Structure formats: C-alpha cells, structure tokens
Amino acid sequence: MAIALEGRPVARAILERAREELAEYVTQAGHPPELATVLAGDDASAAAYVRAIHRTFDRVGIPVRDVTLPGDVAESELRDAVERLNADPAVSGIIILHPLPRHLPAGIASQLVDPAKDVDGVTPYSAGRLAVGLPALPPSTPEGGMAILEHYGIEIAGSHAVVIGRSPVVGLPMALMLIAADATVTVCHSRTPDLPAMTRQADILVAAAGRPGLVRPEMVKPGATVIDFGVSFVDGRMVGDVEPAVGEVAGALTPVPGGTGAVTNAILVQNTLRAAWAALGGRRAG
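Counting from -17, one number per residue, gives the positions in the sequence shown under this note's numbering.
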C-alpha cells in the first residue's frame, strides 16, 4: 500500500519558516507585506480559493486585500484595477483568480501583473526565467509538488518523471523544475498516442490534466511516486486525476483532498515574502 504524501506537514513546515521570516521583515520594513487577490465574476471555485488563501495567510499574519469585480467587467476596468495594485507600494503580491469571464482575452492575467509582484509565476517574464534556470517567483502549484517530494525524501536526480498535462501554470513548469532537479522528463498530453505505455515507465508520475480518474492502477509502475494535482468535483465530492486504487500499486501517493492543495497556498505565502524582500532590497531578496 502506498505511503500517503500528506500535504499538511509540508505546508506547516513552510508556514513556520514564513512566520520567522515575517517577523524579520516587519522589523526592517515596519509593516507586513500584503497580498492582493483579484476576482472577476462569481465562479464558485475561484471564490473558494480566495477563502482558502485568507485562511492560510491569516495563520501567518499577512493581510490579504480582495478586489472583486463584476462578471461583465470591461477589459479596461480590469486593467485599471490591476495597474492600481501594481503601483501601490503596500501591495507586495498580486494573484488574479481563474477562470476569468469568457469575454476577456485569453491569457490577459499573465499580461497585467507586474512581474515583481507575480507571486503565482504566471507572467512571461517569470516563465522565461524559470525556463532558462534563472531565479524567479515560481508557480505555486508545481513548486508545492516539488516541496512535497523534498519533504518526503523522494529521490529526483536520475529518476524518470512523466508529467501528464502541459498547461503553463502546472504541467510545463513542473516539468522544468524536475529537469532542473536532474530528472529525465517526459511530458504527455491529450494527443499522446499510448499514454499507459508512457506512464508505466515513470519513477515519478505527475498527474495535472484535470480529468477525474484518468490514471488507473494498470498505468502505474509498481513502487512509483505519484503526485496528483487534479481537482474535480464528482457528485459533490472532490476527486483527483488518480484513482484511489492506484495506492495499491504505487509506493507513494498524494491524497485528494489533503495532498498538494495545502502546500500550494503555503508556497503563495513564501512567494509573497520573497517579492516583499526583493522590493525592500533586504538580504532575503531573490
């Protein structure tokens, strides 16, 4: 039976370090950093994520400012709202919640946020630096996956990692982070002709496709480590991309819920502090 790679202990360790760092930052700056969330429309999952962000940031003592816009917000109004946050020195980090209303241009969120305040690593600047191995604020979800692997002592260097999903916010950055950690990485997606043949080769299997139950036991190499980023709701129940029965084959598996989600929010705290230090020019910058 697979070891459960619980996210809560990982998040707790990150937040404990963040509290210590926050005290040091406040001593130098005279005030805490602040995160701003931008929510357009009434998507229930996005609103739930804002509430989860508040719970995590409240635990550390970093204030969160919510900017709520109507579902029919004009592109110019969204731009103005984000530009005001970009220009506000009290705001250290900005996160624009998805999904945005459909009438807004695709990818607009990545174009609006000042890269210095891009605590979710979505701007082309952040993505480009990550791609070429330069320091950057990383996307919080895949960085959380890497933190789980590190916390539980999963060997990455020399392993074969297979990532299912190529989104610019989870799959692709996760692949880049695994490459930087000296894994050999294969990225699969909806056009991969024989997905099970690829996944059975993985020492580390990452599921980030957003398709409930996509990964079945027969698709997993015995003893493999499986990181499940999937979040879907089926009959009112949260499920991942990986069937629970995979736990009978895998060596280690992140549960859903209770796996990667808690760590994602802790990384968001960590990134907000990094951005604040960089703006302050303090010794922890970068």
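Here a beta-carbon is modelled for each residue, glycine too, at the ideal position from N, C-alpha and C. These numbers were taken from a predicted model, which means no experiment stands behind them.
Closest Cα partner of residue i within the set the options
{"i": "L60", "options": "L94, A88, I76", "result": "L94"}
{"i": "T236", "options": "R193, P199, A189, N247", "result": "A189"}
{"i": "S141", "options": "G127, A11, V167", "result": "V167"}
{"i": "D164", "options": "I136, L196, A191", "result": "I136"}
{"i": "L119", "options": "G127, S108, G205", "result": "S108"}
{"i": "Q183", "options": "E(-12), V169, G192", "result": "V169"}
{"i": "A272", "options": "D70, L86, H85", "result": "The requested residue 272 is not part of the displayed model; the chain covers only -17 to 268."}
Residue i in three-state terms, based on DSSP
{"i": "M(-17)", "result": "coil"}
{"i": "R84", "result": "coil"}
{"i": "T254", "result": "helix"}
{"i": "R(-1)", "result": "helix"}
{"i": "G75", "result": "strand"}
{"i": "D100", "result": "strand"}
{"i": "V151", "result": "coil"}
{"i": "A232", "result": "coil"}
{"i": "T105", "result": "coil"}
{"i": "L196", "result": "coil"}
{"i": "L119", "result": "coil"}
{"i": "R173", "result": "coil"}
{"i": "R219", "result": "strand"}
{"i": "V238", "result": "coil"}
{"i": "V321", "result": "Because the chain here runs from -17 to 268, residue 321 falls outside it and cannot be looked at."}
{"i": "G268", "result": "Because the pLDDT of G268 is 42, which lies under 50, any placement of that residue in the model is unreliable, and the question is left without a value."}
{"i": "G243", "result": "helix"}
{"i": "H13", "result": "coil"}
{"i": "D40", "result": "helix"}
{"i": "Y134", "result": "coil"}
{"i": "R(-10)", "result": "helix"}
Counterpart residues of residue i in DSSP-defined beta bridges
{"i": "D210", "result": "A189"}
{"i": "H142", "result": "T166"}
{"i": "D48", "result": "T19"}
{"i": "V224", "result": "V197"}
Through-space distance from residue j to residue i, alpha-carbon basis
{"i": "F215", "j": "E225", "result": "14 Å"}
{"i": "S58", "j": "S74", "result": "23 Å"}
{"i": "T242", "j": "A(-7)", "result": "9 Å"}
{"i": "V145", "j": "T207", "result": "12 Å"}
{"i": "L116", "j": "M156", "result": "15 Å"}
{"i": "G268", "j": "D217", "result": "Summary for G268: the model assigns pLDDT 42, below 50, so the residue's position carries little reliability, and this model does not support an answer."}
{"i": "I44", "j": "P150", "result": "27 Å"}
{"i": "H36", "j": "E3", "result": "19 Å"}
{"i": "G222", "j": "V213", "result": "5 Å"}
{"i": "K203", "j": "L131", "result": "17 Å"}
{"i": "G23", "j": "P(-9)", "result": "33 Å"}
{"i": "E125", "j": "V55", "result": "31 Å"}
{"i": "V101", "j": "F39", "result": "13 Å"}
{"i": "A(-16)", "j": "G233", "result": "4 Å"}
{"i": "L158", "j": "L112", "result": "7 Å"}
{"i": "H80", "j": "D62", "result": "18 Å"}
{"i": "E200", "j": "A129", "result": "27 Å"}
{"i": "T123", "j": "G103", "result": "10 Å"}
Heavy atom of the ligand GTP within 7 Å of residue i beta-carbon
{"i": "G212", "result": "As far as ligands go, the structure on display features none, and thus does not contain the ligand GTP."}
Exercise. Would you say the stretch 179 to 190 touches the stretch 85 to 94, given that touching needs at least three Cβ pairs under 8 Å?
Worked result: no
Problem set entry | Validate contact between the stretch 247 to 266 and the stretch 229 to 237 using beta carbons, cut 8 Å, 3 pairs | no
Exercise. Do three or more CB pairs link the stretch -2 to 7 to the stretch 26 to 40 at distances below 8 Å?
Worked result: With the cut-off at 8 Å, the stretch -2 to 7 and the stretch 26 to 40 do not touch.
Exercise. Is the stretch 16 to 25 touching the stretch 41 to 56 in the sense that three or more CB pairs, one from each, lie closer than 8 Å?
Worked result: yes
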